[in-house]
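Presented below is the structure to which this report refers.
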Amino acid sequence: EGSNLDDTGDYRPGRKALKELGIKSPLLKVELTKKEIRMLSKELGLSTWDKPSLSCLATRVSYDNQITAERLEKIELAEELLRRNGFHQFRVRDHNNLARIELSEADREKILDLNLMDKLSDKLQKLGFQYVTLDLSAYKSGSMNKEILEAKDE
Numbered sequence: 700e701g702s703n704l705d706d707t708g709d710y711r712p713g714r715k716a717l718k719e720l721g722i723k724s725p726l727l728k729v730e731l732t733k734k735e736i737r738m739l740s741k742e743l744g745l746s747t748w749d750k751p752s753l754s755c756l757a758t759r760v761s762y763d764n765q766i767t768a769e770r771l772e773k774i775e776l777a778e779e780l781l782r783r784n785g786f787h788q789f790r791v792r793d794h795n796n797l798a799r800i801e802l803s804e805a806d807r808e809k810i811l812d813l814n815l816m817d818k819l820s821d822k823l824q825k826l827g828f829q830y831v832t833l834d835l836s837a838y839k840s841g842s843m844n845k846e847i848l849e850a851k852d853e
């Protein structure tokens, strides 16, 4: 299990399941941050040292929607489409019939190609999303938690 110290500052509902199942988080136990893990991985010559993080697909689903195998497959196919088109750090967030695309700072300029926008929109609609939107804020890990954290504050 790859949780690290950076993960403790965000709402992570899966942590409860890990604890209940007795699954250990060695990187968290030794208090390594994501940056430190990448640095150590690079020093060890691991080819994955700069691999983009890939959290559970369920984290892409809006809290008011049911998680289904069909929904997760749709998200996985949508993200694979973005990956094949040269994007590196991003998320496709599922808000029922709406796909909200979040791109990293580095990937945001690529989306400005109108032909690429049309192509991605068409293919995502064929996957089952009625609407395809681009989040004007850059990709941020845990962005789906805003709605749950705001609800807790009320």
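Everything in the sequence shown is counted per my numbering, starting at 700 for the first residue and increasing by one. Every residue gets a Cβ at the ideal spot worked out from N, C-alpha and C, and that includes glycine. Keep in mind the model is a prediction, meaning the values are calculated, not measured.
To which residues of the same chain is Leu833 closer than 7 angstroms at the C-beta, ignoring the five residues directly before and after it? Position 134 of the sequence shown holds residue 833. Here the set comprises Ile800, Ile810.
Leaving out five residues before and five after Leu815 in sequence, what residues of the same chain have Cβ atoms less than 8 angstroms from its Cβ? By 1-based counting over the sequence shown, the position of residue 815 is 116. So the list reads Asn784, Lys809, once near-sequence residues are dropped.
When you compare the CB positions of Trp748 and Ser754, do they come within less than 7 angstroms of one another, or not? Within the sequence shown, the letter at position 49 stands for residue 748. Within the sequence shown, the letter at position 55 stands for residue 754. No, these two residues do not count as a Cβ contact at 7 angstroms.
Those runs of the alpha helix (DSSP H) which lie wholly inside the segment 701 to 785 and span at least 4 residues: If we require 4 residues or more, the alpha helix (DSSP H) runs fully inside the segment 701 to 785 come out as 713 to 719, 725 to 728, 733 to 742, 768 to 783.
Rounded to the nearest angstrom, what separates Leu835 and Ser724 at their Cα positions? Position 136 of the sequence shown, counted from the first residue, corresponds to residue 835. Position 25 of the sequence shown, counted from the first residue, corresponds to residue 724. Distance from the CA of Leu835 to the CA of Ser724, rounded to the nearest whole angstrom, comes to 34 angstroms.
Using only the alpha-carbon positions, how far apart do Leu704 and Asn795 sit? Indexing the sequence shown from 1 puts residue 704 at position 5. Indexing the sequence shown from 1 puts residue 795 at position 96. Computed Cα separation, rounded: 32 angstroms.
Tell me the rounded alpha-carbon separation between Ile766 and Leu731. Counted from its first residue, the sequence shown places residue 766 at position 67. Counted from its first residue, the sequence shown places residue 731 at position 32. A direct Cα-Cα distance of roughly 31 angstroms separates Ile766 from Leu731.
Element boundaries [alpha helix (DSSP H), containing Leu802]: Here residue 802 refers to the residue found at position 103 of the sequence shown. Per DSSP, Leu802 lies in no alpha helix (DSSP H) segment; the continuous beta strand (DSSP E) that holds it begins and ends at 797 to 802.
Report the CB separation of Asp793 from Arg807 in whole angstroms; it is logged as a contact under 8 angstroms. Mapped onto the sequence shown, residue 793 falls at position 94. Mapped onto the sequence shown, residue 807 falls at position 108. Rounded, the Cβ-Cβ distance is 21 angstroms, inconsistent with contact.
Who pairs with Arg792 in a beta bridge, going by DSSP? For the purposes of this step, residue 792 is identified with residue 93 of the sequence shown, where counting begins at 1. Arg792 pairs with Arg799.
Rounded distance between the beta-carbons of Arg759 and Arg790, thought under 8 angstroms: What you label residue 790 is simply residue 91 of the sequence shown in a count that begins at 1. What you label residue 759 is simply residue 60 of the sequence shown in a count that begins at 1. About 6 angstroms separates the two Cβ atoms, so the contact holds.
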